[in-house]
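Protein chains in written order, with the working numbering: chain A, 148 to 462; chain Y, 324 to 644; chain S, 3 to 454. Here is the structure we will look at.
Below, the structure is given as structure tokens:
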């Protein structure tokens with residue numbers, strides 16, 4: 148954000164401030180061979196898959212070292228080698244892509260799942276229905292994470308749907324669970340359970356992660372339409388602060404951790420700022436592929452899934 | 324070699340691909356048990372099973388979107404819009420997700436979208452469209468349109484093997500009316516144009532069902548030597564072949580079954596005006612369907628679709644110019 | 003709009019139309035002071051003793067001054083007008099848009115409305131010859147001939163092969179030159195027609211009649227004079243008409259003019275011209291040249307006491323300029339040309355005559371003249387000799403008639419043949435009737451025995 152205010156970030160700037168647990172917790176439950184469709188509030192998922200902060204910052208600043216080399220902006224990226232599919236702006240288009248990936252896994256008899264995030268607003272569009280329906284009909288190994296952050300831009304929930312989407316999971320023939328979106332561990336557990344369900348062949352799960360968008364829709368949005376009390380209430384439930392409290396209880400040196408992370412970010416920013424802007428020499432290239440390489444596996448050294456599995460959870 | 328109808332050639336290509344490559348799957352509405360609205364996949368389920376010959380829900384956006392998902396994890400889906408007209412329901416997925424994915428994310432989307440297109444049989448406004456120009460206009464999507472049985476098979480093989488999204492415009496009015504010699508083996512027709520008949524006084528440029536119309540209209544035209552160029556591939560467009568025909572013939576009539584404004588022919592005309600100017604001996608003429616929804620009743624439909632007479636007249640006029 | 007900028011003034015001077023011409027008369031101005039004009043657009047029409055012609059503007063600009071009035075005669079070299087040119091005006095920059103652009107005019111090619119009269123002697127009412135050729139305003143930028151446009155490929159092929167497009171017959175719409183037409187010239191296959199009926203738009207002087215194409219409502223925009231063709235009382239004839247009239251009178255006063263006629267069966271000519279794609283006139287011209295070589299008494303000059311016969315033949319061909327009169331450009335050394343060569347030269351001089359592009363030397367030195375008014379059905383005429391020549395041949399309509407033909411065994415029958423009557427006016431001071439008849443017989447024989 149500070150780089151944005153310094154004018155180093157072209158275009159709009161979107162963040163998932165206050166929603167971090169939704170993506171962090173869920174992504175942690177994914178195995179390297181699973182595939183993710185990551186949305187604009189879910190930066191943590193990219194990091195958990197192994198995308199470095201320096202590359203992320205380069206991406207936001209439109210630099211050549213960004214994951215899309217300047218061809219798409221802010222969080223519209225996905226490192227295909229790490230099994231992430233970069234999003235499009237039309238929402239929830241990626242729900243269908245995730246459904247398709249799951250379809251292929253099932254066709255081939257693989258014990259893997261696909262996961263996608265989407266927001267409360269996008270449940271109003273047709274692709275939500277088509278994906279939920281298709282996944283339910285074919286009983287596909289897909290996890291749908293609905294990030295209910297109370298607002299779609301300026302549109303509150305009561306203007307968005309008459310029935311809470313979580314109730315509609317049953318209408319499509321599969322399980323729906325509501326989870327505290329600001330509790331990363333709760334997110335992790337719920338997603339892990341959903342994953343298990345998926346790879347066992349029991350079909351999709353809709354996880355409604357209840358959270359709050361603490362910043363505007365984007366940096367250009369001052370959120371005036373949100374009642375201050377609502378903001379205050381959710382501030383008290385900030386996921387990062389809550390997790391910090393937990394860690395302190397476990398005697399983790401949170402301050403050292405923070406300092407380490409801050410240093411890493413600082414270094415990343417420096418590296419990113421030093422990187423060049425892309426040249427237009429190859430702006431016309433790459434519209435068409437010359438070969439088709441499928442998505443690769445996640446590479447992050449830490450995946451909660453691996454630990455949970457080792458702890459006797461799943462095969 | 325066998326003599327196959329255009330439709331049989333398409334079936335043959337699909338069958339060969341399903342046999343040769345386990346990554347290939349065919350998906351669409353009513354294509355499995357029912358064998359497809361036009362019977363293209365008749366008998367396929369028996370050989371390949373329900374998984375690979377998938378009866379989908381009635382959800383065009385999902386058909387394309389799920390095809391994309393399957394493709395990025397290593398499959399080669401061939402999805403079908405029951406009528407090309409319905410691509411409008413899947414436009415978003417095709418144009419925004421599939422078309423732009425590789426450019427942005429370096430992630431290839433090897434899907435093939437079969438689009439039974441075209442009119443001439445009282446299909447009415449929603450079963451007769453030729454929407455290819457919409458996808459020529461969207462970066463990242465290839466578009467091919469065979470006019471013969473041989474090309475139908477070869478182009479479909481090539482489309483399925485192409486690592487990019489490819490719209491395969493199969494003209495439904497050609498399904499059973501066109502027959503030809505088709506090689507038995509798997510072969511890939513290149514995405515280039517083909518000289519259907521060589522000539523020197525004038526060239527008619529066409530694709531799809533209009534190739535046959537062009538050939539008939541100019542077979543015996545006052546002794547003139549008329550070339551017919553079958554574009555076959557709209558994206559990529561075979562500029563070299565087009566300009567070569569223009570250089571030799573100097574007079575051009577472009578025939579488009581699609582609605583005239585911004586149809587494929589408009590792009591061909593612009594290309595010729597820009598790069599073939601020095602070789603022109605007359606204006607570039609277009610014979611196309613006017614900008615109306617395709618009407619249902621036969622006299623109305625025949626009045627708007629380019630037929631042999633209209634093409635003949637345009638050629639005569641231009642020859643005399 | 004331009005007054006505040008720096009300008010250069012460029013002079014437009016009276017040109018010299020022929021070595022001996024010393025002066026010229028301004029007949030009409032095409033633009034007025036303050037009007038824009040493009041380089042090479044006609045700025046005024048002039049008349050001289052030798053020839054009437056148009057004066058092109060040397061540059062593009064705005065007419066700043068007109069110094070010579072209509073009907074004023076000035077010496078060669080006199081500044082007639084001045085054109086104001088902006089500092090860096092490019093020559094092609096401000097071309098005034100062509101007026102009646104319409105179809106790319108085939109100009110000289112669409113000799114669609116042949117003038118009724120052409121033979122000097124004829125007093126037939128001049129039909130308003132809506133001769134489209136002088137409408138030079140429709141000249142687009144690079145026209146080889148005023149009013150003609152060429153497609154890029156035609157221009158390119160012509161440039162590659164050094165072909166003067168103004169000589170190429172156009173068979174496209176409105177007489178437009180098509181790619182096939184210029185290619186035919188390149189390949190030497192005549193003007194684009196491999197056999198079949200000759201489709202040349204007729205010069206007025208040719209036999210095969212062609213109906214006028216629907217005349218477009220093309221105004222004769224400032225065509226060197228009034229276009230309507232109606233002479234109201236109280237006016238004078240145009241200068242050229244007056245000069246022609248004087249010459250005709252002079253000829254009749256000088257020579258002892260007689261006329262002899264002969265009938266000719268044109269069957270072989272018709273067949274041969276279809277094959278070659280040329281006009282009957284070309285055949286008659288060639289036959290005439292051969293006959294002149296056999297009977298050199300007809301190929302001579304008689305100037306008072308001076309009499310000279312020539313071995314060379316400079317053949318004059320009378321060309322109608324419609325309302326404006328008549329001119330006789332000359333094909334020098336015509337005896338060296340074949341039928342095809344003659345056809346091409348005839349076409350060329352006719353076109354240039356109508357386009358007022360003849361030089362003074364083009365009309366000098368003729369030793370014999372042929373006149374051919376076109377096929378309106380008139381069968382005979384009494385042409386006036388072109389001084390100082392001693393003979394002039396008239397070719398009228400070719401009309402199918404029943405004639406008696408005798409076969410080898412001496413049996414007579416009736417056949418239908420295309421017939422024409424050639425008329426020879428000759429000067430009795432220089433020769434007799436017998437010689438004239440022999441001359442005509444030679445011409446007839448050559449035409450009737452063309453190889454099939």
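Backbone N, C-alpha and C fix where the C-beta goes; we use that ideal spot for every residue, glycine too.
Per DSSP, residue 434 of chain Y lies in no alpha helix (DSSP H) and is assigned neither H nor E. Note: residue 494 of chain Y is bridge-paired with Y:440 in the DSSP secondary-structure output.
Across the segment 594 to 624 of chain Y, CB contacts with chain S closer than 8 Å involve 600, 601, 602, 603, 604, 605, in sequence order along the chain. For the segment 158 to 181 of chain S, the residues whose beta carbon sits under 8 Å from a beta carbon of chain Y are, in order, 158, 174, 175, 178, 180, 181. Per the coordinates, the alpha-carbon of residue 290 of chain A lies some 9 Å from the alpha-carbon of residue 246 of chain A. For the pair residue 431 of chain S and residue 304 of chain S, the CB atoms are nearer than the 8 Å cut-off. Of the candidates Y:487, Y:511, Y:532, Y:532 places its Cα closest to the Cα of residue 471 of chain Y. The beta carbon of residue 573 of chain Y sits closer than 8 Å to some beta carbon of chain S. Of the residues Y:351, Y:341, Y:577, the one whose Cα lies closest to the Cα of residue 379 of chain Y is Y:351. Listed in chain order, the non-local C-beta contacts of residue 481 of chain Y below 6 Å within the same chain comprise 511, 512, local neighbours out to five positions each way being set aside. Per DSSP, residue 295 of chain A is one residue of the beta strand (DSSP E) stretching across 289 to 295. Excluding its 5 nearest sequence neighbours in each direction, residue 261 of chain S has C-beta neighbours in its own chain below 6 Å: 384, 425, 427, listed in chain order. Contact between residue 250 of chain A and residue 392 of chain Y holds: their C-beta atoms lie close to 7 Å from each other, under 8 Å.
In terms of CA proximity to residue 160 of chain S, S:183 leads the group S:183, S:177, S:176. At least 8 Å separates the CB of residue 490 of chain Y from every CB of chain A.
Inter-residue distance for residue 177 of chain S and residue 425 of chain A is about 58 Å (C-alpha atoms, whole angstroms).
Here the alpha carbons of residue 420 of chain A and residue 442 of chain A stand approximately 29 Å from one another. When C-beta distances to chain S are compared with 9 Å, every residue of the segment 326 to 344 of chain Y stays at or above that value. Residue 607 of chain Y sits away from residue 578 of chain Y, with the two beta carbons spaced by 8 Å or more.
Distance from the CA of residue 408 of chain S to the CA of residue 266 of chain S, rounded to the nearest whole angstrom, comes to 15 Å.
Under DSSP, residue 355 of chain A forms a beta bridge with A:293, A:325.
Taken atom to atom, the span from the alpha-carbon of residue 186 of chain S to that of residue 349 of chain Y is near 57 Å. By the Cβ test, the segment 226 to 236 of chain A is not in contact with the segment 351 to 366 of chain Y, since fewer than three Cβ pairs between them sit closer than 8 Å.
If you look at residue 236 of chain A, you'll find it isn't in any alpha helix (DSSP H); DSSP assigns it neither H nor E.
Listed in chain order, the non-local C-beta contacts of residue 286 of chain A below 6 Å within the same chain comprise 350, local neighbours out to five positions each way being set aside. Chain S places a beta carbon closer than 8 Å to that of residue 643 of chain Y, counting this residue as a contact. Contact between residue 524 of chain Y and residue 155 of chain S is absent: CB atoms are separated by about 13 Å, not below the 8 Å threshold. Nearest neighbour of residue 254 of chain A by Cα position, chosen from Y:453, Y:595, Y:373, Y:620, turns out to be Y:373. Between residue 358 of chain S and residue 56 of chain S, the CB-CB gap stays under 8 Å. Using a Cβ-Cβ cut-off of 8 Å, residue 218 of chain A is close to 426, 427 of chain Y, given in chain order.
The three-state reading of DSSP puts residue 582 of chain Y in strand, counting E and B together. By the Cβ-count criterion, residue 373 of chain S is buried, with 16 or more other Cβ atoms from all chains shown falling within 10 Å of its own Cβ.
Taking 8 Å as the threshold, the shortest C-beta distance from residue 436 of chain A to chain Y falls below it.
Within the model, the alpha-carbon separation for residue 31 of chain S versus residue 38 of chain S is close to 13 Å. For the options A:397, A:270, A:231, the alpha carbon positioned closest to that of residue 183 of chain A is the one of A:231. The beta carbon of residue 181 of chain A lies closer than 6 Å to those of 259, 260 in the same chain, with the five residues before and after it left out.
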